[in-house]
Amino acid sequence: MAEEKRFDAEVYYTGDSVEWITFIHGFGGSARTWKKQIEFFSKHYNLLVLEMHKNKINEELNLDNVCIFINNTLDHYKIKTSHFVGFSFSSLICLRFAVLYPEKINSLIMGGGIIKFNIRTRFLLFLAIKFKKIINYMILYKFFAYIIMPKQNHKRSRAIFVNEAKKLGYDEFCKWVDLVPQTKKSLTWLDELNKDIQVLYVSGNEDHLFLKDTLRHSKKISNSQVEIIEHCGHVCSIEQYDKFNNIVFRYLNSVVL
1 MAEEKRFDAE
11 VYYTGDSVEW
21 ITFIHGFGGS
31 ARTWKKQIEF
41 FSKHYNLLVL
51 EMHKNKINEE
61 LNLDNVCIFI
71 NNTLDHYKIK
81 TSHFVGFSFS
91 SLICLRFAVL
101 YPEKINSLIM
111 GGGIIKFNIR
121 TRFLLFLAIK
131 FKKIINYMIL
141 YKFFAYIIMP
151 KQNHKRSRAI
161 FVNEAKKLGY
171 DEFCKWVDLV
181 PQTKKSLTWL
191 DELNKDIQVL
201 YVSGNEDHLF
211 LKDTLRHSKK
221 ISNSQVEIIE
231 HCGHVCSIEQ
241 YDKFNNIVFR
251 YLNSVVL
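When you line the sequence shown up against UniProt numbering, it's residues 1 to 257, in that order.
What follows is the structure, given as structure tokens:
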């Protein structure tokens, strides 16, 4: 029997009695974008850090297949339940995964969380899909990175994500950018989410594209809360990683399983 498809992952094991955290990187990212979280949380938890772009999947992707691959990865490492930490676009992947596999979820933590794409962000995505075959994908990626993270204090975060995206390649970029329109039912997923699942959104107050919708629509989740980091942009897990880590650590200690 052929092995079920799954993602590569880095594993940091602390002990049998310790809870798991699964980290899912954002679009074009890698395990490296969780460097500061790995250093901190590996002292307290078992960690599964996905590498969704490392080995390219030679087929068209859809969002539910991505969730199946994530579930297969958990099963491969015999992880029955886990806290899930997503970032940016992967917060929508986490949300969809929680709808499909609620039994695997201890809690959801969404860094730079996205609940839906508004008119401005949908227009940007339209441009990405329209011009992906015309313009070098790295030009598009750098443009969007600057639009999402425009300020001087966002510079380091921009640089890290642009450098990671260089490893992506054109074909992989196209596959993943084509996933984005499949999230248009994300508000419906909020209604389908198991009411017992606890959700934390952590955003920077300078997250000008996504914070407003996060504040508005997170109210639909009965078991949710939002933490805002001041003087911080979209990539709060890198830009102010100490504050991000402490917020998440306190939250995890408060989660009742």
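From the three backbone atoms N, C-alpha and C, an ideal C-beta is built for every residue, glycine too. Only a predicted model underlies this, so the values are computations on that prediction, with no experimental measurement involved.
Start and end residues, beta strand (DSSP E) containing residue i
| i | result |
| --- | --- |
| Y146 | That residue, Y146, is in no beta strand (DSSP E); its alpha helix (DSSP H) goes Y137 to I148. |
| W20 | W20 to I24 |
| I105 | I105 to G111 |
| S82 | S82 to F87 |
| S203 | Q198 to G204 |
Under the three-state DSSP convention, the category residue i falls into
| i | result |
| --- | --- |
| E4 | coil |
| H44 | coil |
| I231 | Looking at the sequence provided, one finds His at residue 231 rather than Ile. Three-state DSSP puts H231 in coil, outside helix and strand. |
| N62 | coil |
| N72 | helix |
| residue 260 | Limits of the chain in this structure are 1 at one end and 257 at the other, which puts residue 260 out of reach. |
| Y170 | helix |
| L124 | helix |
| S90 | helix |
Span of the alpha helix (DSSP H) around residue i
| i | result |
| --- | --- |
| W189 | S186 to E192 |
| K132 | K132 -> no alpha helix (DSSP H), and no H or E assigned at all. |
| R216 | L211 to H217 |
| N163 | K155 to A165 |
| S237 | C236 to E239 |
Beta-carbon gap between residue i and residue j smaller than 7 Å
| i | j | result |
| --- | --- | --- |
| F27 | W176 | yes |
| W93 | D213 | Here residue 93 turns out to be Ile, not Trp, going by the sequence shown. It is not a contact, given that the beta carbons lie outside the stated cut-off. |
| L187 | V99 | no |
| F244 | C236 | yes |
| S218 | Y201 | yes |
| Y170 | Y137 | yes |
| N106 | H83 | yes |
| I79 | W20 | yes |
| F246 | E230 | Note that residue 246 is Asn in the sequence shown here, rather than Phe. Their beta carbons are not under 7 Å apart, which means N246 does not touch E230 by this criterion. |
| N46 | E4 | no |
| R158 | M149 | yes |
| G233 | E239 | yes |
Nearest-angstrom Cβ-Cβ length linking residue i and residue j, presumed shorter than 8 Å
| i | j | result |
| --- | --- | --- |
| L211 | S203 | 5 Å |
| V11 | L48 | 6 Å |
| I109 | V85 | 4 Å |
| S30 | E164 | 5 Å |
| L209 | R120 | 6 Å |
| F117 | L125 | 6 Å |
| D207 | G111 | Their Cβ separation, rounded to whole angstroms, is 10 Å, which puts D207 and G111 out of contact at 8 Å. |
| L74 | K54 | Actually they are not in contact, since the Cβ atoms of L74 and K54 sit about 17 Å apart, beyond 8 Å. |
Neighbourhood of residue i by C-beta, 8 Å cutoff - its chain only, sequence neighbours within 5 removed
| i | result |
| --- | --- |
| N62 | L179 and Q182 |
| D64 | R96 and L100 |
| F144 | L124 and A128 |
| V255 | H83, N106, S107 and Q198 |
Close beta carbons around residue i, own chain, < 6 Å, minus the five adjacent residues each side
| i | result |
| --- | --- |
| Y251 | L200 |
| S42 | Y12 |
| I147 | none |
Sequence-distant residues of the same chain with beta carbon closer than 7 Å to residue i, five excluded per side
| i | result |
| --- | --- |
| N253 | none |
| H25 | A31, T33, W34, L50, M52, F87 and S90 |
Interface flag, residue i vs chain D, CB-CB below 7 Å
| i | result |
| --- | --- |
| L74 | Annotation note: the requested chain D is absent from the structure, which comprises a single protein chain. |
heavy atom of the ligand SAH below 6 Å from residue i C-beta
| i | result |
| --- | --- |
| E59 | The model depicted lacks the ligand SAH and carries no ligand whatsoever. |
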